[in-house]
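Down below is the structure, laid out as structure tokens.
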Amino acid sequence: MEPTNWNNSYTNWISRSCNMTILISTQNYLNQKIGINKFIRLYNDKIKSINLERKTILSEYEFNKKKIENLTQFFMQKKIKKAHLHSILDSSVFKGIIDKLIRNNIHVTYFCHSLILEEIEYYKNKKKFEQKLIAQEELFTKSKKIIFLNNSQKNKAINKYPFLKYKSEVIYPGTIHRKITEKKEKVILYVGRLTKEKGILDLCQKFKKFYEIQPSYKLKIIGDMNSPIITQIINILNGTNYELLDWIYETNKLDLEYQKAELVILPSYYDSFNMVGIESIANGTPILVRKIESFNEIYLSKKIAQKFEDKIYFPKDKTFLPKEYSFDFFINQLIRI
């Protein structure tokens, strides 16, 4: 099954059973990163290995008023007891839903992929920002448990919402190593949203200077070609060797792009985890990251990435990842909560 484009209506993949459900919203998180069918298979294999009687089925749901109205009835029919809510960009997608779940005695765990705070200046639409902030507080207040993707994000949230101290923890998303089949090309790769806070304009400007010294390299950008700043990107890169590709939703095809690249760059000014980094390493390609709090915790402190300021080196074991970034470890955490 192919996921919908990020610009289309939010699609939710629901893994459901008699005592657990996982809802993935806004960017088809698991489908994009590992493949939803592979996730279901690996999840069920893990369930069997620890002798839990739990069967997981897959279905697709879109967030619209009709579906929301039918959601609790659906949960009751399937005897679902737990709900994992994942919101990648916009917590307001769940506004109003959590009350329906609670009324039906469903234990809600909210996975906060993007923390909304006043100091983040790139929220230009004040009304929309306020709606997101209200929705986020509702989820934080009413969910039984909150999962953050890094400690700096968790600490910032607790500073604003002290009550989170007693019901939050950090779980790092996981991935699996790939079979590497592609030879390296002189390609510097960026995969992600094309927005200013992701540092894409800064990356383009730096590549233009780099290209004057190393014209044999190409910058390949994979992201939303309908981005409001796509014209700026093209103007900056004019005269260089670059390639723009729309989102690649097929995991195998995206893996090949990672493997062919000589280097993957994460230039974000703000990020919670960014799966691109560990996906790149799992495909044998080193990463270069901006020194921000979350990347310092996730990548730099574990010596699996390099800073912009450093001279680039290529580690002997290009696919080394700490065990807490493994998919097996990630599944164990999901089962535990």
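FYI, the working numbering numbers position 3 of the sequence shown as 3, with every residue one higher than the one before it. Beta carbons are placed, not taken as given, at the ideal position from N, Cα and C, and that holds for glycine.
| Check | Outcome |
| --- | --- |
| Runs of alpha helix (DSSP H) wholly within the segment 123-205 (minimum 4 residues, chain order) | 126-142, 151-160 |
| Endpoints, beta strand (DSSP E) assigned at Glu250 | Here Glu250 belongs to no beta strand (DSSP E), and DSSP marks it neither H nor E. |
| For Lys291, three-class secondary structure by DSSP | coil |
| Alpha carbon of Tyr161 to alpha carbon of Glu297, nearest angstrom | 22 Å |
| Length of the line joining the Cα atoms of Ile234 and Asp202 | 13 Å |
| Distance between Val187 and Lys65 (C-alpha atoms, nearest Å) | Note that Lys65 scores a pLDDT of 45, beneath 50, so its modelled location is shaky; the value from the coordinates is reported in the next line. Each residue's Cα considered, the two are about 44 Å apart. |
| Beta carbon of His113 nearer than 8 Å to that of Leu85 | no |
| Alpha-carbon spacing of Tyr110 relative to Ile97, whole angstroms | 12 Å |
| Residue range of the beta strand (DSSP E) that includes Thr109 | 107-112 |
| Best match in Ser216, Leu115, Lys145 for proximity to Ile106 [C-alpha to C-alpha] | Lys145 |
| Environment of Phe314 [buried if 16+ CB atoms lie within 10 Å] | Here Phe314 scores only 44 on pLDDT, less than 50, and its place in the model should not be relied on; the value that follows carries that caveat. When all chains shown are included, Phe314 counts as exposed. |
| Spatial distance of Leu256 from Pro215 (CA atoms) | 23 Å |
| Straight-line Cα distance separating Lys184 from Lys127 | 46 Å |
| Validate contact between the segment 192-210 and the segment 234-250 using beta carbons, cut 8 Å, 3 pairs | yes |
| Straight-line Cα distance separating Thr251 from Leu58 | For Leu58, the predicted model reports a pLDDT of 37, less than 50, meaning its position is unreliable; a value from the coordinates is still stated below. Using only the alpha carbons, I get a separation of about 18 Å. |
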